[in-house]
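Here is the structure we will look at.
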Amino acid sequence: MRHWLMKSEPDAYSLDDLARDGVEPWDGIRNYQARNLMRDEMTVGDRVIFYHSNAKPPAAVGLAEVASEAYPDPTQFDPDGKYFDPKSSPDDPRWLLVDVRYVGHFERPVPLPEIKEDPALSEMVLVQRSRLSVQPVTETEFDHLVELAGGIRSAAS
DNA sequence: GCCAACGTTGGC
DNA sequence: GCCAACGTTGGC
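Using this note's numbering, the first residue of the first sequence is number 77, and each one after it goes up by one.
As structure tokens, this is what we get:
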């Protein structure tokens with residue numbers, strides 16, 4: 077069982093949206109490192125910290141979990157969609173995704189500045205290398221962050 | 001809106 | 001295979 081952090085811009089898809097939808101295919105990932113993590117490292121049931129990027133402030137806002145094995149991202153085959161990849165084909169798909177299921181909102185979102193100043197979280201990929209949108213989190217970091225957040229409440233706001 | 005970091009593309 | 005140009009991410 078591993079732990080992850082996945083980013084989303086709340087204007088595009090927020091934790092509230094996931095709470096409403098329940099389960100959502102995490103489409104549109106076009107970074108090989110992120111893809112490889114989803115394809116090779118994720119297991120159904122892995123816990124995921126849901127992070128709002130490009131928010132004011134950016135913050136870890138809740139929890140989700142991996143809800144499927146990796147499978148081809150259908151948006152890469154849609155010529156009219158913004159995630160279309162002309163170099164990919166259904167025979168040899170380039171981009172994979174996993175489904176993500178809502179778990180809960182944090183009692184208190186943890187803003188990025190607070191994450192950055194916490195010595196226990198200084199090694200997080202989020203702090204060290206902020207651009208990766210799907211990233212591994214150690215169990216220690218995960219537990220610490222959930223504790224900072226005061227745990228989760230199950231209902232969406 | 002700016003721009004640093006950094007990943008990808010493509011000419012050679 | 002190198003590397004310059006370019007595009008994207010995402011904090012500020």
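Virtual Cβ for every residue (Gly too), placed ideally from N, Cα, C.
Integer-rounded CB distance, given that residue j should sit under 8 Å from residue i
{"i": "Arg-111", "j": "Ile-105", "result": "6 Å"}
{"i": "Ala-131", "j": "Val-186", "result": "No, Ala-131 and Val-186 are not in contact; Cβ-Cβ is about 12 Å, not under 8 Å."}
{"i": "Leu-173", "j": "Met-114", "result": "6 Å"}
{"i": "Val-179", "j": "Ile-228", "result": "7 Å"}
{"i": "Phe-218", "j": "His-79", "result": "4 Å"}
{"i": "Pro-133", "j": "Pro-189", "result": "7 Å"}
Alpha-carbon spacing of residue i relative to residue j, whole angstroms
{"i": "Ser-198", "j": "Glu-85", "result": "23 Å"}
{"i": "Arg-123", "j": "Val-222", "result": "11 Å"}
{"i": "Leu-139", "j": "Val-176", "result": "10 Å"}
{"i": "Glu-117", "j": "Leu-202", "result": "18 Å"}
{"i": "His-181", "j": "Glu-145", "result": "24 Å"}
{"i": "Ser-209", "j": "Pro-195", "result": "22 Å"}
{"i": "Tyr-89", "j": "Lys-163", "result": "26 Å"}
{"i": "Ser-165", "j": "Asp-156", "result": "15 Å"}
{"i": "Lys-158", "j": "Pro-148", "result": "16 Å"}
{"i": "Tyr-108", "j": "Arg-205", "result": "15 Å"}
{"i": "Thr-119", "j": "Glu-100", "result": "16 Å"}
{"i": "Ile-191", "j": "Leu-91", "result": "19 Å"}
{"i": "Met-77", "j": "Val-142", "result": "11 Å"}
{"i": "Trp-171", "j": "Met-200", "result": "25 Å"}
{"i": "Glu-183", "j": "Val-213", "result": "20 Å"}
{"i": "Asp-103", "j": "Gly-121", "result": "18 Å"}
Per-residue DSSP class, three states only, for residue i
{"i": "Phe-218", "result": "helix"}
{"i": "Arg-229", "result": "strand"}
{"i": "Arg-177", "result": "strand"}
Delimiting residues of the alpha helix (DSSP H) encompassing residue i
{"i": "Tyr-108", "result": "108-112"}
{"i": "Glu-193", "result": "188-193"}
{"i": "Gln-204", "result": "201-204"}
Beta-ladder partner(s) of residue i, from DSSP
{"i": "Phe-126", "result": "Met-82 and Gly-138"}
{"i": "Pro-148", "result": "Leu-172"}
{"i": "Phe-182", "result": "Ile-228"}
{"i": "Ser-198", "result": "Answer is none; Ser-198 lacks a bridge partner."}
Residue i: first and last residue of the uninterrupted beta strand (DSSP E) it sits in
{"i": "Val-213", "result": "210-213"}
{"i": "Val-99", "result": "99-101"}
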